[in-house]
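Below: the structure, in structure tokens.
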Amino acid sequence: MRSRPVQGRGVFSGTGLLITLLAGTLVALIFPVWSYADRSGTGLDTLNAQTLSTQYGPLSAQDRDFITRVRLAGLWELPAGQQAEQKGTTLAVRTAGRHLIEGHTFLDARVRDVAARLGLALPNQPSAQQRQWLTILNSAQGEAYDRDFANLLRQAHGKVFAVVAQVRATTRNSLVRALAEDANTTVLDHIKVLEATGYVDFDALAQDAATASPPPLTNSPAPPGPTDNPGTPVPVTPSAAVSLPPVDTSATYALPPAASSPPP
């Protein structure tokens with residue numbers, strides 16, 4: 007005689023399966039929350055892999071890239087400033103040139119000191135793009151030179167200004183933090199005097215920022231780390247080949263009006 011099935015057995019089995027599935031779903035939802043942060047390929051994983059230990063605090067790839075950028079800025083902006091003192095057709099342009107000379111003479115000494123303490127090698131030549139900008143300025147004359155000078159330098163300073171702010175906000179290295187503070191002060195001063203020339207095209211700056219290419223999806227290789235023989239970078243200093251009368255830096259210049267003024 008066949009036994010009768012136990013009532014409710016199928017219901018119990020279905021309920022158990024449902025609970026098991028729900029538990030598995032919950033684990034799948036929770037797991038990424040605590041495991042994703044340091045998983046291979048994430049931002050934190052990249053940060054840890056490219057960060058070096060120093061006596062001044064961790065030195066990240068972003069920190070090293072920033073130090074190189076400060077050096078490269080002086081390699082072309084100081085000569086550009088000296089050229090503006092010679093070729094600028096207005097006192098405002100020549101004053102901006104003087105600020106570039108003084109600011110990058112100071113910053114270059116600072117970045118060379120920081121790099122020496124961290125054992126980092128620095129470039130002694132501007133980048134290819136920076137050399138192209140200098141070529142443009144070399145060939146320009148008159149008011150066209152004033153406009154090219156103001157807009158090329160203002161665009162470059164605007165881009166590096168955001169980098170300086172990010173480094174200052176996130177670095178864990180005390181030397182880099184202090185350098186970022188000095189760079190922030192210097193870059194902001196240069197932005198102001200360039201805008202005071204009256205030649206900066208703010209519409210072009212806004213359009214350039216709006217159409218800029220998004221950052222690549224893959225991380226670029228980390229910049230070089232400390233080395234036993236970083237070499238001695240050549241100081242960036244103004245040439246004394248041409249003697250010019252001093253610029254009256256106490257004079258003030260009104261900033262150009264905004265692209266669109268609010269209604270009265």
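Using the working numbering, read the sequence shown as starting at 7 and increasing by one per residue.
Note that the Cβ used here is the ideal one computed from N, Cα and C, for glycine as well.
- Pairwise C-beta distances place the segment 149-165 in contact with the segment 79-95, as three or more of them are shorter than 8 Å.
- V242 is positioned such that its CB atom lies closer than 9 Å to that of G80.
- Rounded to the nearest whole angstrom, the CA to CA distance from S66 to A186 is 14 Å.
- Distance check between T192 and each of A215, V117, L58 and V240 places V117 closest, using alpha-carbon atoms only.
- Three or more Cβ pairs closer than 8 Å define a contact, and the segment 162-179 meets that threshold against the segment 70-78.
- In the structure shown, L126 adopts coil according to DSSP, grouped into three states.
- Taking a cut-off of 8 Å for Cβ pairs, the segment 143-152 and the segment 87-104 touch, as three or more such pairs fall below it.
- Cα atoms of T101 and H110: separation of roughly 14 Å, rounded to the nearest angstrom.
- For the set D154, L181, H196 and R174, the Cα lying nearest the Cα of G94 is the one of D154.
- The C-alpha of D207 lies about 18 Å from the C-alpha of G103.
- Apart from sequence neighbours up to five positions away, the residues of its chain that approach P64 with a beta-carbon distance below 8 Å are T57, L58, R178 and N179, ordered along the chain.
- Taking every protein chain shown into account, the CB of T217 has fewer than 16 other CB atoms within 10 angstroms, so this residue is exposed.
- If you draw a straight line from the Cα of Q68 to the Cα of G231, it comes to about 11 Å.
- With distances taken between CA atoms, P129 lies nearest to V240 out of S245, P244 and V240.
- The Cβ-Cβ distance between P236 and A127 falls below 9 Å.
- Spatial neighbours of G148 in its own chain (CB-CB distance under 8 Å, excluding positions within 5 residues in sequence) are listed in chain order as T95.
- Judged by their CB atoms, F112 and D209 are not nearer to each other than the 9 Å cut-off.
- Contact check for L124 against L181 passes: the beta carbons are separated by less than 9 Å.
- Runs of the beta strand (DSSP E) lying entirely within the segment 55-110, each at least 3 residues long, are absent.
- The alpha-carbon of I107 is positioned some 37 Å away from that of N54.
- If you look at R137, you'll find it in the alpha helix (DSSP H) that goes A134 to S145.
- By the CB criterion at 9 Å, A171 and N190 fall inside the cutoff.
- The C-beta separation of A202 from A98 comes to about 6 Å, placing the pair in contact by the 8 Å criterion.
- In the structure shown, R178 adopts coil according to DSSP, grouped into three states.
- DSSP places T191 in the helix class (H, G or I) of the three-state scheme.
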